[in-house]
Structures are given as structure tokens and as C-alpha cells.
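Everything in the sequence shown is counted per the working numbering, starting at 215 for the first residue and increasing by one.
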Amino acid sequence: MSLPKIDPTSTNAWKELRAHFQLLEKAHMKDLFAQDPERAEKFNLQWEDFYLDFSKNRLTEETFSLLLQLAKEVKLEQAINSYFSGEKINETENRAVLHTALRAKESDKIYVNGKNVVPEIFQVKAQIETFTNQIINGSKKGITGKTFTDVVNIGVGGSDLGPSMVVGALEFYKNHLNTHFVSNIDGDHVNSVIENLNPETTLFIVVSKTFSTQETLSNATTIKEWFLSKNLGTTEEAISKHFVAVSTNIEKAKSFGIKETNIFPIWNWVGGRFSLWSAVGLSISLSIGFENFNKLLLGANKMDTHFKSQPLDKNIPVVLALISIWYNNFFKTETQAVIPYSQYLLRFSTYLQQSCMESNGKSVDRNGNAVTYQTGSVIWGQPGTNSQHAFFQLFHQGTKLIPADFIGFVESLSGNKTHQDKLISNFIAQTEALLNGKTKEEVLKELEKKNLSSEEIKSILPYKVFKGNKPSNTIFINKLTPESLGKLIALYEHKIFVQGIIWNIFSYDQFGVELGKQLAGNILEKMKKNSIANHDASTLKLLRYYKNIT
Ligand code: F6P
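Here it is in C-alpha cells:
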């Protein structure tokens, strides 16, 4: 069965939401809280070690019930079934979307083209486990007999962002291995990484689903040449001891020189941006050990079960997705901020940028028609409290409405309670400030306590007023662990899915990234041949400028 293909704007719920929006557009959340003392009780969800407070949003019980009705009218529940059961919901590429199978239980049965894929997933997991243990315990050594100290993941996009985000996020759990990431085609990136490495003790993982990505192949080639220039042994032996690959394209990986037993397979039903749960996450497993890697998978699996089994109104990914639709399509917000209050989650929003924006940055619906409404939001953010000292000014007093997810952890990893109390008071205070703001009267009272003239008070007062009414979700998690991180990532994966279903778009292709790649290839060829005709005037001038200087 294919995905439902319902234009959301044709539903009754959408029409009712439009009318309802007129009533709510100007409402202040402060008044909504005042009118309903039970509001915080009504708009929260508690699940395992997660607490979601979504009461600080510009919605009422009626909004929520209309959004749930919208989900029903577009047949979300049917779509969730199709997603988990391996149907080819990535219709434009004729593929299933089964990153959820990567964290399934061994006893599960998930079919692709009539074949249960769970046994081969577990086979590769066993391969990851054995390899991880051998590298960590030192039984697998480099060409000169030394144990490994460093791991370099060579990949880009989904073959880089997921692993690098998770390795950073779980740094607290890391072992003696130091993990590095080379992704950019910018030669300065690869150079800056290799210049500090000892080739005798470094393991390289070439990660590319297709094994045809320019960045990854160029970086892998540069690294291979640098490595072989050290003359540590015969080419074949040196490569076989220091290079492994993760790919669907075994032949191409082999022709790059990687030994077949050093290739970890993945499958075309795993999208690059959702692949960290597969062997693409090998660098994660090496960094924190296979047991912890498995806990990450377990967490994601728990979120999968929550998502597919909970009713829509108690379902965290569904609720967050519906709230995002409310802002994106009715308040016409353009962006959505994600602010983790953990320095370990430094790369979380960067990771989400690919998973959300590559998935839902689409403008043709599942019927092949141009959409008549907004789809994917611009995702951005940085950890608090640093971001408070950077862009929060615009949140609080700017002209834009930016819904934000605040993610915090009750317990710190360092155990430093003094810092943690300060961190969490900031975490909570910011959403409070965004909600309430500060009225003219409140500012006036404050200013009157200072030794200021009435003229001075009058002139400064307007600048000190905060309107408030800025929406936020708070996701409070007990502790940052491999398992809770797995849940959190899976939460956003499912939120993306729900948004895509409602927007009636195909979330799992990424044709939009192809044109730039094609044109770069074309320009590179012309540069080599020194013939740079047939471009628009601006492109021509840029090319000439570069050529004249180099
Ligand atoms: O840039 C597009 C893209 O195809 C991403 O979707 C993908 O994650 C990335 O390139 C890397 O692709 P590969 O793993 O095949 O090298």
C-alpha cells in the first residue's frame, strides 16, 4: 500500500484551524495560563525518562484537538503502519524507509521484497561488535604492530553528521580512542586533521553509502596517498590493516583498495541522514564501545515502540510535529530553533539541519502537484547558555516569531551540582521569560527604584519592555546517556516523518542536492580545460576572477 496522498488544506480540520487561528492569533499565552490553572497539567507528556512540557505554546485545547483531527484526516496512523512495515514509502526512489529496522529486536521480522532483513542486520551488528572489541582491546593492530590510538571517519552528509554528532554527544562515555571527522572537500580540513596523526596508530573508516561522493572519495584518496607515502609496509597489507569502508557499493569500495572483509555493508532502504544506527555508526561504536552503541539503538527502539503504539494525543513525536505545523502553516513562522542545554550536544542542531531540511525541504506534493502551503522549516540553534549571549536578544525583543525546543538534562554528567543548578535555572528561566516577557508597568516599577529623572525613565522605558508570548517546548530528560540520546534522535526522526505525511510530500529523497553537484562537476571540467564559456554573466565573471588569480 502506498502512502495516503491527501492535500492537508482540503481537510475539514485545516479549514477549521484557519478560522480558529483568527481567534487565537493575537492571544497572549499569559492570558491562556491565567484562564486555565490546569494548563501545565493538560499540556505535558511523561514517558520513561522524558518529560515534555508543551504548555508554553500559543494553543488551546481546541487547537490541539483540531490538530489531532488533521492528523486523522490525512491518515497518519495508516502511514505509520506503512513506515514500520517496510512498504516502499520512498516512492520516488522506489525504496522502503527502514532505519527503524536497524534498532529492531532480534526476534522481530521485517520484510523487504518478501525477505526478513533482521537476520542480516544482526550479522552486520556482530561484525561491528567483533571489530570494535578487537580495536579497543588492542588485539587488532596497525601494520607496524602498534595498537590503535586514533580513528578517522571520512564521510559527508549523513555519513558524517550523525556519527560526529553522537560521538561528540557521548564524549563522556568515550574510551582511549580519539575520533576525528574529515568531511569537507576543502583541503584545509583533511590537512588539518592528518597533520597531527600518527599513521602507524590510526584507523581510517571510509563511509559512503554510494561510494561515489566527491568529497569522500577525494578525502579518502588524499589520506590514502599520505598514508602510503609513509612506507610502513606493502600497499596491500598497509591498506588492509588501516582502512575499512561502510557502503552499499561493495564493488566500488573494493576497487578503491579496501579488502572485502573490511567492508561493512549497509542497505539502500537506509537513508543517509538516518544511517547512524547502521555500520555508518562504526566510529560511534569504536568511541564508546559496542555495548553503549547498542544502548543507543535500544533507546531508539523504545521511541519507535512509543511512536507506533501510543495514541496520537499521547505521542511525543506526533505532538511536536503537530505544534510545528501550527506555527509553520498558520502563524507562518519560517524557522525553528533547537536549544540543548548541554555542551555535549553542540552539533545536535547541525545534525538536525540535514535530517529535517533534506527531508522536508520539498515543494511538490505526493500527487505531483506544486504545494500551495509552506513545508519544511529552517532548523538552527546552539547550546544554552552560550546561545543566550549570542542570538537570544532576537528571540526576546526581535520582530520574528521563532518557536524553540529547549532540551535539558536533570542530572549532569560531571556531578557538579553548583553548575547544574545554574544551568537548569537558566534553562527554565528562558522559557519563562519568553512566555511572560516584561510589561511596561513592570519596567516602570523597576526604573522607579533607580535614581532616575522622569525624563530619563520615559526615554529608556520602551527599550526595556519584552512582549513575551514567544512559544517554546521543553524536553526535560533525566540524564544524557546512550539510551536517552537514542530516544531523542528517534523522536526527531519520527517528527520529521509526521510533518512529511501532513504536508503530503515525499520526505525520503533529496533530488535538490543534485543540481549543484552536477554544475560543480561541469565547472571543474571547464577549469581543467581552461574553457569557461556558456555561463550567465555573474558566473563567468566569478570564474574569470578565480582563474586570473590562480
Ligand atoms: O548530499 C546528499 C547526500 O546524498 C546525502 O543525502 C548523504 O547523506 C550524503 O550525500 C553522502 O552520501 P554518501 O553516503 O553516499 O557518500
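We put the beta carbon where it would ideally sit given N, CA and C, even for glycine. Note that the structure is a prediction, hence the values are computed from the model and not measured.
Query raised in the report: Do you know how far the Cα of Ser501 is from the Cα of Ser492?
Result: Counting from 1 along the sequence shown, the entry for residue 492 is found at position 278. Counting from 1 along the sequence shown, the entry for residue 501 is found at position 287. Distance between the alpha carbons of Ser492 and Ser501 is about 15 Å.
Query raised in the report: Would you say the segment 502-520 touches the segment 572-592, given that touching needs at least three Cβ pairs under 8 Å?
Result: no
Query - Touching by the beta-carbon criterion (3+ pairs, under 8 Å), the segment 571-581 and the segment 381-391 - result: no
Requested in this report: Using the Cα positions of Phe268 and Ser686, report the straight-line distance between them to the nearest angstrom.
Outcome: Looking up residue 268 in the sequence shown gives position 54. Looking up residue 686 in the sequence shown gives position 472. Their Cα atoms are separated by approximately 7 Å.
Query - Gly486 versus Thr415: straight-line alpha-carbon distance, rounded - result: If you number the sequence shown from 1, residue 486 lands on position 272. If you number the sequence shown from 1, residue 415 lands on position 201. Taking the straight line joining both Cα atoms gives about 29 Å.
Requested in this report: Confirm the yes/no value for this check: CB of Val727, any heavy atom of ligand 1, distance under 6 Å.
Outcome: For the purposes of this step, residue 727 is taken as the residue at position 513 of the sequence shown. Val727: yes, Cβ under 6 Å from ligand 1.
Query raised in the report: Quick one: complete beta strand (DSSP E) runs, 3+ long, within the segment 577-653?
Result: 592-594 and 618-623
Query - Own chain partners of Val407 with C-beta closer than 7 Å, once the 5 adjacent residues on each side are dropped - result: For this step, residue 407 is matched to residue 193 along the sequence shown. So the qualifying residues of the chain are Val366, His394 and Val396.
Query - Touch test, the segment 454-470 against the segment 298-311, Cβ-Cβ under 8 Å, three pairs minimum - result: no
Requested in this report: Determine the burial state of Gly359: buried for a count of at least 16 other Cβ atoms within 10 Å of its Cβ, exposed for fewer.
Outcome: Taking the sequence shown and counting its residues from 1, one reaches residue 359 at position 145. Around the beta carbon of Gly359, a 10 Å sphere encloses fewer than 16 other beta carbons of the protein chains shown; the residue is thus reported as exposed.
Requested in this report: Keeping to the same chain, check which residues put their C-beta closer than 6 Å to that of Trp717; ignore five residues upstream and five downstream.
Outcome: Along the sequence shown, read from residue 1 onward, the residue named residue 717 stands at position 503. Within the same chain, and ignoring the five residues on either side of Trp717 in sequence, the residues whose Cβ sits closer than 6 Å to its Cβ are Thr589.
Requested in this report: Return yes when the Cβ of Ile715 is within less than 7 Å of the Cβ of Leu290, no when it is not.
Outcome: What you label residue 290 is simply residue 76 of the sequence shown in a count that begins at 1. What you label residue 715 is simply residue 501 of the sequence shown in a count that begins at 1. Yes. Within cutoff.
Query raised in the report: Taking all protein chains shown into account, do 16 or more other C-beta atoms lie within 10 angstroms of the C-beta of His708, making it buried, or fewer, making it exposed?
Result: In the sequence shown, counting from the first residue as 1, residue 708 sits at position 494. So His708 counts as buried.
Requested in this report: Report all residues from its chain with a CB closer than 8 Å to the CB of Gln341; omit the five preceding and five following residues, and keep chain order.
Outcome: For the purposes of this step, residue 341 is taken as residue 127 along the sequence shown, with counting starting at 1. Hits under 8 Å: Phe478 and Ala493.
Query raised in the report: Quick one: does the C-beta of Val532 sit closer than 6 Å to a heavy atom of ligand 1?
Result: For the purposes of this step, residue 532 is taken as residue 318 along the sequence shown, with counting starting at 1. It does not: the Cβ of Val532 is nowhere closer than 6 Å to a heavy atom of ligand 1.
Query raised in the report: Of all the options Val712, Asp750, Leu729 and Lys743, which has the alpha carbon lying nearest to the alpha carbon of Ser296?
Result: By 1-based counting over the sequence shown, the position of residue 296 is 82. Of Val712, Asp750, Leu729 and Lys743, the residue nearest in Cα terms is Val712.
Report task. Just the C-alpha distance for Ile472 and Gly372, rounded to the nearest angstrom, thanks. Result -> Walking along the sequence shown from the start, residue 472 turns up at place 258. Walking along the sequence shown from the start, residue 372 turns up at place 158. Those two C-alpha atoms are separated by around 21 Å.
Query raised in the report: Residues bridged to Phe264 by DSSP?
Result: Numbered from its first residue, the sequence shown carries residue 264 at position 50. Trp261 and Ile691, per the DSSP bridge assignment.
**Report entry** Tyr555 classed as buried or exposed, judged by whether at least 16 other C-beta atoms fall within 10 angstroms
**Finding:** Here residue 555 refers to the residue found at position 341 of the sequence shown. Per the 10 Å Cβ criterion, buried.
Query raised in the report: Run through DSSP, which three-state label would Lys663 get?
Result: The residue labelled residue 663 in the question sits at position 449 within the sequence shown. Correct three-state label for Lys663: coil.
**Report entry** DSSP beta-bridge partners of Arg309
**Finding:** Translated into the one-based positions of the sequence shown, residue 309 becomes position 95. Answer is Asn304, bridged to Arg309.
Query raised in the report: For Thr306, which residues from the same chain have a beta carbon less than 6 Å from its beta carbon, with the 5 sequence-adjacent residues on both sides left out?
Result: For this step, residue 306 is matched to residue 92 along the sequence shown. Cβ within range, chain order: Phe720 and Asp723.
Query - Same chain, Cβ closer than 7 Å to Phe418, neighbours up to 5 away in sequence not counted - result: On the sequence shown, position 204 is the one that residue 418 refers to. Around Phe418: Val366, Ile368, Ile437, His456 and Phe457.
Requested in this report: Let me know the secondary structure DSSP gives Ala318 once reduced to three states.
Outcome: As a first step, residue 318 must be located in the sequence shown, where it is residue number 104. Here Ala318 sits in coil by DSSP.
Query - Cβ pair Thr361, Lys355 closer than 7 Å - result: Residue 361 sits at position 147 when you count from the first residue of the sequence shown. Residue 355 sits at position 141 when you count from the first residue of the sequence shown. Yes, these two residues count as a Cβ contact at 7 Å.
Query raised in the report: To the nearest whole angstrom, what separates the beta carbons of Ser461 and Ser422, a pair I think is in contact under 8 Å?
Result: Here residue 461 corresponds to residue number 247 of the sequence shown, with the count starting at 1. Here residue 422 corresponds to residue number 208 of the sequence shown, with the count starting at 1. Rounded, the Cβ-Cβ distance is 6 Å, consistent with contact.
**Report entry** Heavy atom of ligand 1 within 6 Å of Gln249 beta-carbon
**Finding:** Mapped onto the sequence shown, residue 249 falls at position 35. Incorrect: Gln249 has no Cβ contact closer than 6 Å to ligand 1.
Query raised in the report: What is the DSSP secondary structure of Thr361, reduced to helix, strand or coil?
Result: If you number the sequence shown from 1, residue 361 lands on position 147. In this structure, Thr361 counts as strand in the three-state DSSP scheme.
Query - Cβ-heavy atom distance, Thr430 to ligand 1, below 6 Å - result: Translated into the one-based positions of the sequence shown, residue 430 becomes position 216. Flag set: Cβ of Thr430 near ligand 1.
**Report entry** Closest by C-alpha distance to Gly513, when choosing among Asn327, Asn762, Ala227 and Ile691
**Finding:** For the purposes of this step, residue 513 is taken as residue 299 along the sequence shown, with counting starting at 1. Ranking the options by Cα distance to Gly513, first place goes to Ile691.
Query raised in the report: How about Thr449 and Leu442: are their beta carbons less than 7 Å apart?
Result: For the purposes of this step, residue 449 is taken as residue 235 along the sequence shown, with counting starting at 1. For the purposes of this step, residue 442 is taken as residue 228 along the sequence shown, with counting starting at 1. Yes.
Query raised in the report: Would Asn683 pass as a contact of Met243 if the rule is Cβ separation under 7 Å?
Result: Start at 1 with the first residue of the sequence shown, and residue 683 comes out as number 469. Start at 1 with the first residue of the sequence shown, and residue 243 comes out as number 29. Here Asn683 is near Met243, since their CB atoms are less than 7 Å apart.
Query raised in the report: In the DSSP assignment, what residue or residues form a beta bridge with Ala459?
Result: By 1-based counting over the sequence shown, the position of residue 459 is 245. Val420 and Ile477, per the DSSP bridge assignment.
Query raised in the report: Hey, is Thr424 close to ligand 1, as in C-beta under 6 Å from one of its heavy atoms?
Result: In the sequence shown, counting from the first residue as 1, residue 424 sits at position 210. Flag set: Cβ of Thr424 near ligand 1.
Query raised in the report: Hey, out of Lys636, Lys256 and Val679, whose CA is closest to Glu655's CA?
Result: By one-based count along the sequence shown, residue 655 stands at place 441. Comparing alpha-carbon positions, the option among Lys636, Lys256 and Val679 lying closest to Glu655 turns out to be Val679.
Query raised in the report: Quick one: is the Cβ of Thr361 within less than 6 Å of any heavy atom of ligand 1?
Result: What you label residue 361 is simply residue 147 of the sequence shown in a count that begins at 1. Result no, Cβ not under 6 Å from ligand 1.
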